[in-house]
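Q: Note that the numbering used here has the sequence shown beginning at 46, numbered continuously upward.
By construction, the Cβ of each residue, glycine as well, lies at the ideal position given by its N, Cα and C atoms.
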Amino acid sequence: MPQTHFKTITPMIENILFDLDGTLTDPFEGITNSVLYALKKMGIEEQDRGKLAAFIGPPLIASFRDFYGMPPEDARRAVGFYREYYSERGIFENAVIEGIPELLKTLKDRGLRLFVATSKPELFAERIISHFALDKFITRVYGASLDETRTEKGEVIAYALKEGNLPPETALMAGDRKHDILGAKENKIASMGVLFGFGSREELIEAGADYIAGTPQEALEIIETLAADGRTK
46 MPQTHFKTIT PMIENILFDL DGTLTDPFEG ITNSVLYALK KMGIEEQDRG
96 KLAAFIGPPL IASFRDFYGM PPEDARRAVG FYREYYSERG IFENAVIEGI
146 PELLKTLKDR GLRLFVATSK PELFAERIIS HFALDKFITR VYGASLDETR
196 TEKGEVIAYA LKEGNLPPET ALMAGDRKHD ILGAKENKIA SMGVLFGFGS
246 REELIEAGAD YIAGTPQEAL EIIETLAADG RTK
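1) Tell me the start and end of each unbroken beta strand (DSSP E) in the segment 138-206 that is at least 3 residues and wholly inside, in chain order.
2) Please classify GLY220: is it buried, with 16 or more other beta-carbons within 10 angstroms of its beta-carbon, or exposed?
3) With 16 as the cutoff for other CB atoms within 10 Å, does SER164 come out buried or exposed?
4) In terms of alpha-carbon separation, which member of GLY253, LEU157, THR215 and LYS85 lies closest to THR184?
5) Classify THR194: buried if its beta carbon has 16 or more other beta carbons within 10 angstroms, exposed otherwise.
6) How would you call GLU208, buried or exposed, if buried means at least 16 neighbouring beta carbons within 10 angstroms?
7) Contact between the segment 159-176 and the segment 123-138: three or more CB pairs below 8 Å?
8) Can you tell me whether ARG222 is buried or exposed, with buried defined as 16 or more other CB within 10 angstroms of its CB?
9) Which residues bound the beta strand (DSSP E) around ALA258?
10) Tell me whether ASN60 sits in a helix, a strand or coil according to DSSP, three-state version.
11) Leaving out the 5 sequence neighbours to the left and right, which residues in its chain are closer than 7 Å to LYS233 when beta-carbon positions are compared?
12) Taking the alpha carbon of PHE137 as the point to measure from, which residue in SER175, ILE145 and LYS96 has its own alpha carbon closest?
13) Roughly how many angstroms separate the alpha carbons of THR49 and ARG94, rounded to a whole number?
14) Checking 7 Å against the spacing of the C-beta atoms, do LEU206 and PHE182 come in under that value?
15) Looking only at C-alpha atoms, which of ARG110, GLU263, ILE173 and PHE100 sits nearest to ARG134?
16) Using the C-alpha atoms, what's the distance from GLY88 back to ILE106?
17) When burial is assigned at 16 or more other CB atoms within 10 Å of the CB, is PRO261 buried or exposed?
18) What does the Cβ neighbour count give for ASN210, buried or exposed, with the cut at 16 atoms within 10 Å?
19) Is it the case that the Cβ atoms of ILE145 and ASP71 are separated by a distance below 7 Å?
20) ASP255: buried (16+ other C-beta within 10 angstroms of its C-beta) or exposed?
21) Tell me whether THR68 is buried or exposed, calling it buried when 16 or more other Cβ atoms sit within 10 Å of its Cβ.
22) Looking at C-alpha atoms only, which residue of GLY75, ILE58 and ASN60 is the closest neighbour of ASP66?
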């Protein structure tokens, strides 16, 4: 069931920031293929593809560092190898999550403005949104910079709020990993964790998600309530 705690009355939610990987699309095949390619280039043979799901969500350089103990320079090299494969093949080894087009259409028809805020490089994210014809619902895509100066989710959200001139009290961040929730908190905006991606309920609750949606339909119900009633945690 959705986690819906209302404590104070605030202005109406009007702007929804969606994570991309694990929230709008399922990128498991493309991301894991790209990681395997990068690891092989770095002299590492990984046999367990399943463990690479942990790369979905966090910034890449941090994942190579944290999961394979790479020093910063090696992690940057691995990211470069990752992008060699991803930019040509992995980017479209991907699929839209069932129910997402309907969710986005309904929200746009309700008059809400929809954005993407992702730790994926903005150029790649824009290509994915266009490829899957989700751009007709999305006002703008905000993502990481290729030079690694903007990679953390909190930085991307801050960038989206500033560039989009979005008042924090009108914004909601929706994502499947703790980084989405923590980034929202850094920027003092409401957050909704979704369970149809790669994070667990425990991860999202521990991070402090204001709301939890098990399905795109539950996400719709939560957002419609916030948009209609103007209430957040």
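A: On the basis of the supplied data:
1) 158-166 and 185-189
2) buried
3) buried
4) THR184 has its Cα closest to that of LEU157, out of GLY253, LEU157, THR215 and LYS85.
5) Burial call: exposed.
6) exposed
7) yes
8) Classification for ARG222: buried.
9) 256-258
10) strand
11) PRO213.
12) SER175
13) Low confidence applies here, because THR49 scores a pLDDT of 46, under 50, leaving its location unreliable; read the following figure in that light. Separation of THR49 and ARG94 (C-alpha to C-alpha, rounded to the nearest whole angstrom) is 35 Å.
14) no
15) Distance check between ARG134 and each of ARG110, GLU263, ILE173 and PHE100 places ILE173 closest, using alpha-carbon atoms only.
16) Going by the C-alpha atoms only, they are around 17 Å apart.
17) buried
18) exposed
19) no
20) buried
21) buried
22) GLY75
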